[in-house]
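Notes follow once the structure below has been shown.
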Amino acid sequence: MTYYNDLLKLCAFDESEILSQKDRLERTFQILGLGPADFEKAEARVNESFDIELMGIRKVLGIWLKELFDAVLAREEGKKIIYFGYPPFQYTGSVIKTAAGSKNDFYVGCPEIVICQTLGQIFDKLIPLLEAGETAGLPPGHAMCSLLQIKLGAIEKGFIPVPDLSIATSYFCDMGPKAEELMQNRYGYPVEYVDGSLDSPWGAWPDYDRETVYYLGGQVNRLFGTLKDKFGLEINEKVWEKAGLVCGKLYMSINELGKYLTADPVPLSVADTELILGIPTACTGIAVEEGPEAIRILAEEVGKRVEKGTGVVPKGSPRVVILLQSLSDTAVNHLIEEAGMAVPLTMVMLPPVRPPEPYPYPTLGEKRAEQAMFTGAYHSTYGWIKRNIDSLKLVDLDGVIYSYPFSCRPIVCTSKLTKLEIEKETGLPTLLLELDIYDKRNYSIASLRTRLEAFAEMLKAKKAQVNKEKAK
Amino acid sequence: MEAINKIKAHIMSGLNDLIQAKERGIKIIGYLPGGYFPEELAIAAGAMPVCMIRGGNHACVEASIAYIDRWLDTFYRAQIGSGVSGTDPYYNIIDVLIAPITDSNNRALSDTLDYHTDIDIFPFGVPHKKEESGYLYYLHGLKRVKIKLEQLTGVEITKERLKEAILLCNKERELLKKISLMRKTETVPITSKDFVMINHAAMIIDKKVLIRYLESLIQELQEADSVNSKGPRLLLTGSTLAMGDGKILDLIEEAGGKVVIEEFAEGIKFYWQNVKTTGDPIEALAQAYFTDRIVPAWFRPAGERLNHLVQLAKDFSVDGVIWYQLMYRESYKIESYYFPEILEKETGLSMLTLESDYDPSEIGQMRTRIETYLESIRG
């Protein structure tokens, strides 16, 4: 038996799969420098961190590992490689992958997220990558995005290949494209910059200036042109629709799971839901193929817990929504529940509000740009806040934990206004929890715990008061 | 020098001038620095433009903590601190704040002021790439600004009025350029502190008055001796050199260095080229302010700006480069990583990178680093 068998089996690989993939697996582990001691530690970490009683969770962990193999070996396996930045513009990655059709000669993905989920969540080996990224041009102590440091570090160390094209989106995030430019200069790969303009005035949501959509749409259309010229990939309405259907299966399974997550008591830890939510935004390959079935199995298992009234926190615990979970440190994700709060939802799982009627733009890029505007993120600070508030009003909650990475400028520049507006518009107490979801060197678990416990106490007291008044 | 003293005195009384102008019914148009708001539009509308360029005060940075996270550019946090708390009187007299949105840092200022104050904020986007669609989007933004200013002032910005304003601002640019170029020679007749001061004056005081002073100053400079004939010649560059942030220039001067050319996105005007006076004037403004100017670090690709810096270093025969940036301005931080290699390759020069959070406690360490750098240049 090999040193990696136990971990892979824990992550729902079957024996035949391990055998048939032996060369690929061993080559990946060789490139990543993972040896027996790493696997022993990872096995203990997975047992401790995730709900491995559930086959669905084990399968999802396995899916992330398969994504890792594909990312690391993409060049050696002769694939054309296209990376996209995080968060992606709409679901461009899946559309590109769909345009490639049944040909399996493209790797399209966001490998830094795959690395966080695997080398971070499973192996706890992100720090060498962060350090490599810091040395290669994104230095520490300057609030540089740690996700970008991981990407740079991974390319620098040869963990992931230099791509044939990278897609970077600006205006929501300025640092991503600038870091891409650094990598472009350093490794010589082409970058397609898709820029927008977050200049809608305060209070304008959901109205917007059509020129903003023409500009962003033009950028998206140019990306389509580049994909055609460079790779022969044709992106059109039909392809977009087809990609929507492919992603739709994944989203349907997530929605199915989501219905159970809102039960009281909440049946699944936020540490486990995190594994699911990263799939549609980062992956276009095996995770999209195998994800729906794994999540369906998980939903079935979680459904049984709901029937039995089993939960990860006691029934009646204060219910909070959080913005982002840690993608590298499960300890952070568990803290919220350890403090006595239930997390039925994250911000991305909030029910969408009905978007305004679309304008009949003539091109696909413009149509997608308008949809992006309606998410708020490409509209303005106000649009982003307002959209979240409208969704929050649709859910029964006791509080909001606005957990965010301190090195993410677009979030940092809106956090305090977000808290003020959420509290004003919804009355929900809101905790701003500054952390780093990719780099555990940047916070103290003890201080996060203190803040969460204090917030939980306040919510419990408030809830008890409400219940007392109801009982009168 | 008499003209320098007059400009300094005029800066001191600048606020009173604006207050008096406002009492006479003239609208005061505040704008964010970065060089993407053409003052010509405000002048053509019969209004007075004033740039929100004061900085350097750590108390303002501290005051911002109540309104914004600390992980944003120091200058913009200082603006938030002074703007929201009302401690910067300029924020209290402006009738509108024109906010060219260039990155997350100044977007944070625009949004936070909009939320916490009654200031009328008018944002318009500045794309990050010099291409046709970016130019058109910027032009669209200028047209929106024009309408806004016309509504505010009740004055139609005709082509004639705009052309007249362009001529006035061109004159100012020409004079600034002429003064700046005087520093190419071995004898440097004006200190960087004074040159930076007149740049700041160009952002806040009446142009006609300043032009008179600059013309007098040129005459005086032509007859002046070198202000400091010894010491290494330096290029000072970075993100923002605010009015009131004189620490860096003081330290360089005290250490015996001589800044002979400056390049900053915010705080130094782009005076190298004039706006064309032929064709449609608003298109000419977009061409000059977006396409022709050298890009700041948040643009891509960076090559144009970095090549410009190399050229300045050569043209002004500098012995070294000091890169002065403010904390958490990520685009400048990233470029500061790889520019030294380009600089060394193209010119053989080294570069010193300094960062500030407007904190007085930085001075000692900064002084040591500057002294050491200048020693290394002197050999």
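In order, the protein sequences belong to chains A and B.
Okay, so the first sequence: first residue is 19 according to this note's numbering, each after it adds one.
Okay, so the second sequence: first residue is 753 according to this note's numbering, each after it adds one.
All C-beta atoms in this analysis are idealised placements derived from N, C-alpha and C, irrespective of residue type, glycine included.
(Q) Starting from B:Q1077, trace the beta strand (DSSP E) in both directions and tell me its first and last residue. (A) G1072 to L1078
Q | Three-state class that DSSP yields for B:E883 in the structure shown | A | coil
Q.
I'd like to know if A:Y233 contacts chain B, where contact means its C-beta is closer than 9 Å to some C-beta of that chain.
A. yes
Q: Helix, strand or coil for A:Y211, going by three-state DSSP, please let me know.
A: strand
Q.
Please list, in chain order, the chain A residues whose beta carbon lies closer than 8 Å to that of B:D977.
A. Residues of chain A passing the Cβ test: none, with the nearest at roughly 42 Å.
Q) Should A:S465 go down as buried or exposed, given a rule of 16 or more other Cβ atoms within 10 Å for buried? A) exposed
Q | DSSP beta-bridge partners of A:L450 | A | A:Y420
Q | Cβ neighbour criterion (16 or more within 10 Å) applied to A:A482 | A | exposed
Q. Given A:I419, which residues of its chain have a CB within under 6 Å of its CB, disregarding the five upstream and five downstream residues?
A. V338, I340, L449 and L451
Q | C-alpha gap between B:Q1077 and B:L793, whole angstroms | A | 30 Å
Q. At a Cβ cut of 8 Å, what residues of the region 822-835 of chain B count as close to chain A, listed as they run along the chain?
A. W823 and L824
Q.
Just list the residues that DSSP pairs B:C803 with in beta bridges.
A. B:Y783
Q: Drop a sphere of 10 angstroms on the beta-carbon of B:T1124, count the other beta-carbons inside from all chains shown, and report buried for 16 or more, exposed for fewer.
A: exposed
Q.
With H, G and I counted as helix, E and B as strand and the rest as coil, what does DSSP make of A:S344?
A. coil
Q) Between the beta-carbon of A:K143 and the beta-carbon of A:L52, is there less than 9 Å? A) yes
Q | Buried or exposed (CB count within 10 angstroms, at least 16 for buried), A:A60 | A | buried
(Q) In this structure, how does DSSP classify A:T6 when only helix, strand and coil are distinguished? (A) The displayed coordinates of chain A run from 19 to 490. Any statement about residue 6 of chain A would go beyond what the structure contains.
Q | Outcome for A:Q343 when other beta-carbon atoms lying within 10 angstroms are tallied against a minimum of 16 | A | buried
Q) Whole-angstrom Cβ separation of B:L986 and B:V1070, contact assumed at under 8 Å? A) 6 Å
Q | Against chain A: residues of the region 999-1013 of chain B by CB proximity under 7 Å | A | none
Q. Out of curiosity, what's the CA-to-CA distance linking A:V264 and A:I272?
A. 13 Å
(Q) Give me the subset of the region 1021-1052 of chain B whose CB atoms are less than 9 Å from a CB atom of chain A, sorted by chain position. (A) A1049, W1050 and R1052
Q: For B:D855, go through chain A and note every residue whose CB falls closer than 7 Å to its CB, in chain order.
A: D192
Q | Interface flag, A:G327 vs chain B, CB-CB below 9 Å | A | no
Q | Sheet register partners of A:T187 (DSSP bridge) | A | A:V212
Q. Got a sec? Which residues, its chain only, sit under 6 Å from B:Y1084 by beta carbon, not counting five neighbours each side?
A. S991, A1049 and Q1077
Q. Quick one: Cα of B:L933 to Cα of B:V948, how far?
A. 14 Å
Q) Which residues in the same chain have their Cβ closer than 7 Å to the Cβ of B:I909, if we skip the five residues on either side of it in sequence? A) L793, A796, A797, K898, L901 and E902
Q: Starting from A:E531, trace the alpha helix (DSSP H) both ways and give me its first and last residue.
A: Given that chain A is displayed from residue 19 to residue 490, the structure contains no residue 531 of chain A and the question cannot be resolved.
Q) Who are the Cβ neighbours of A:D182 in its own chain at under 6 Å, not counting the five residues just before and after it? A) K98 and I99
Q) Is the beta carbon of B:T839 less than 9 Å from the beta carbon of B:C803? A) no
Q: Please decide whether A:H397 counts as near chain B, where near means a Cβ-Cβ distance under 9 Å.
A: no
**Q.** B:I781 at chain A interface by Cβ criterion, 9 Å
**A.** no
Q: Pull up the distance between the alpha-carbon of A:N254 and that of A:K434, whole angstroms please.
A: 40 Å
(Q) Using C-beta distances below 7 Å, list every residue in its chain close to B:V940, excluding the 5 sequence neighbours before and after it, in chain order. (A) S978, V979, N980, K1010 and V1012
Q.
Could you compute how far the alpha carbon of A:Q389 sits from the alpha carbon of A:F124?
A. 27 Å
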